[in-house]
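Asker:
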């Protein structure tokens, strides 16, 4: 294996791993790590991703030296893949194709993995903090004399907690960089699974949806994927793309209590049916000043009409 026993080489790998976690985007980090792993373990291509364990749905994926279709098409055999059964039943443990009796005679191996030149594979699946969400790293090879060795398997298993932790740190860092004041933010995959949060995300989400949110509702993701904002009873939600994932920005509807006293007075009078001139006369100011104040009120409250303002004033 040429290097797994080299303590200095391993130390350099880990130093580079955590350095890259602070500098690279999540997709870049995973590609760099997979590429660096080839210094220790000979393999032809690698996959690093995550998804929903119960449905065996891969929703977040980075692939080195292979088409992403390798797991996009895997869903046709996913429920019959005994290798997936083994790794899901032994979370945190690294397994090989050869650990499954008669695996090379199976439909999953012959109809899927061999099509992508994966005659050998070893993979590790770990459970993440989000219930039901798992991440995995798989190393695949075709042109090698035999299966991955016990030493290679143990080396990869030893590294897996570092890989998982580095990616978690990386996501938290980028999520924090994307956050704004008075806003909660989450990094989600394309199916809406929450990978990482910053700010009062779960507090905000709990005001709109009951229970702990591990995955955004499907109707919310449908609207966000169309490039639109989602507006609920209490929340405003928007989404921005970040590599193969997305940042979801969440804020609570602004209320009148957040406005300065004079703007609250203007809002109350104007929403009652008064004109700019009438409000100005009541407050001893000019109509142009009232007009500018109303523009600022609309911007702060995220509204665009007098009717919306009246509803907010009525509900306080």
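Numbering (the numbering used here), first residue to last: 52 to 367. Glycine included, every Cβ here is placed at the ideal spot set by N, Cα and C. Keep in mind that this is a model prediction, so the values were computed, not measured.
(1) Have a look at residue 141 and residue 365 and give me their C-alpha separation to the nearest angstrom.
(2) Over what stretch of residues does the beta strand (DSSP E) that includes residue 184 continue unbroken?
(3) For residue 94, which of helix, strand or coil comes out of DSSP?
(4) Would you check if the distance between the CB atom of residue 135 and the CB atom of residue 155 is smaller than 8 Å?
(5) Here's the rule: buried if 16 or more other CB atoms are within 10 angstroms of the residue's CB, otherwise exposed. What is residue 173?
(6) Taking 8 Å as the cut-off, does the region 238 to 252 touch the region 266 to 277 (at least 3 CB pairs, one atom from each stretch)?
(7) Are the region 204 to 217 and the region 174 to 193 touching, with three or more C-beta to C-beta distances below 8 Å?
(8) I need the DSSP call for residue 54, collapsed to helix, strand or coil.
(9) Considering Cα atoms alone, identify which of 153, 180, 184, 193 is closest to residue 171.
(10) Based on the DSSP secondary-structure assignment, which residues constitute the bridge partners of residue 300?
(11) Quick one: what does DSSP say residue 144 is sitting in, helix, strand or coil?
(12) Around the C-beta of residue 273, are 16 or more other C-beta atoms found within 10 angstroms, so that it is buried, or is it exposed?
(13) Using 8 Å for Cβ pairs, my map puts residue 158 next to residue 92. What's the rounded Cβ distance?
(14) Can you name, in chain order, every residue of its own chain whose Cβ lies under 6 Å from the Cβ of residue 247, other than the five neighbours on each side?
(15) Can you grab the Cα-Cα spacing for the pair residue 55 / residue 234, in whole Å?
(16) Can you tell me the Cα-Cα spacing of residue 310 and residue 220, whole angstroms?
(17) Does the Cβ-Cβ distance between residue 114 and residue 163 come in under 8 Å?
Answerer: This is what the structure holds:
(1) 57 Å
(2) 184 to 192
(3) coil
(4) no
(5) buried
(6) yes
(7) yes
(8) Because residue 54 carries a pLDDT of 43, less than 50, the predicted location of this residue cannot be relied on, and no value is offered for it.
(9) 193
(10) 236, 289
(11) coil
(12) exposed
(13) Actually they are not in contact, since the Cβ atoms of residue 158 and residue 92 sit about 28 Å apart, beyond 8 Å.
(14) 222, 223, 226, 238
(15) Below a pLDDT of 50, predicted positions are generally treated as unreliable, and residue 55, at 42, falls in that range; no measurement from the model is reported.
(16) 37 Å
(17) no
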